Amino acid sequence: MIIGVDLDGVLAGVLPELIKYHNDKYNTNFEKEQFNSFDLWKIWNCTKEESLERVFDFYNSKYFRNIQPVEGSQEAIDILSKKHDLVVITSRASVVKDKSIEWLSNYFPDKFSKACFTSPWYEEESGYEKAQACKELKVKVHIDDNLSFARKCSENGTKVLLYNQPWNQLDKSDSLPENMKRVYSWNDIVEKIQGLEDEMYRMQ
Ligand SMILES: [Mg+2]
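Going by my numbering, the sequence shown wraps up at 229, each residue one higher than the last.
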């Protein structure tokens, strides 16, 4: 089957480097657990414009070049790539498209058949979203850490594995849709995908 894989927070451990960048440059003491939202300006206590400038500055820094794969991702992608067609679906800004593709070929050589750059989050209005990309690429399961993108994919009929992170926790009254499961590690992802395969096999 075709599996969509998000880049930041799922394959690429971007936050540890972003935190190091910010703490070094702005003399702050942020820790991962404080990042309970994608609205960085709320966490950094600055304007939205300023937060975007900082992220773009980070893209050009040594910290960005030092981003490491998320724990267990290389082994799991190796296993999954033997049976499935894997595609990267990321909302990372297109200005770092070349650097991102280079990073992927460095840490995940020949594992992905495609890297799709969807509506960048810094553009207020963009029609092209991950949900649409999943549909067009015939993705059966998409793995993401962004709750809003994940919900749109699931509403659009794509099964979603939500990679557990401090920024995708639910309010008490809220729950995940039936076709979305929370996963806690790459081992967990491999197991869940095996489970889905078994389920699809039984339905045939
Ligand atoms: Mg992400």
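We put the beta carbon where it would ideally sit given N, CA and C, even for glycine. Since the structure is predicted, the reported quantities are computational estimates derived from the model, not experimental observations.
The three-state secondary structure of Gly-220, taken from DSSP, is helix.
In the structure shown, Ala-118 adopts coil according to DSSP, grouped into three states.
Non-local C-beta neighbours of Leu-129 in its own chain, meaning closer than 7 Å and more than five positions away in sequence, comprise Val-113, Phe-137, Ala-140, ordered along the chain. Between the beta-carbon of Gly-38 and that of Val-95 there is about 5 Å, and that keeps the pair under the 8 Å contact cut. Judged by DSSP secondary structure, Leu-187 falls outside any alpha helix (DSSP H) and instead within the beta strand (DSSP E) spanning 184-188.
Note on geometry: alpha-carbon atoms of Phe-89 and Tyr-226 lie some 42 Å from one another.
Counting only runs that start and end inside the region 45-107, the alpha helix (DSSP H) elements of at least 4 residues fall at 65-69, 73-84, 87-90, 98-106.
The three-state secondary structure of Val-112, taken from DSSP, is strand. In this structure, Asp-123 has its beta carbon at no less than 7 Å from each heavy atom of ligand 1.
At least one heavy atom of ligand 1 falls within 7 Å of the beta-carbon of Asp-31. Contact between Lys-177 and Glu-203 does not hold, since their C-beta atoms are separated by about 16 Å, which reaches or exceeds 8 Å.
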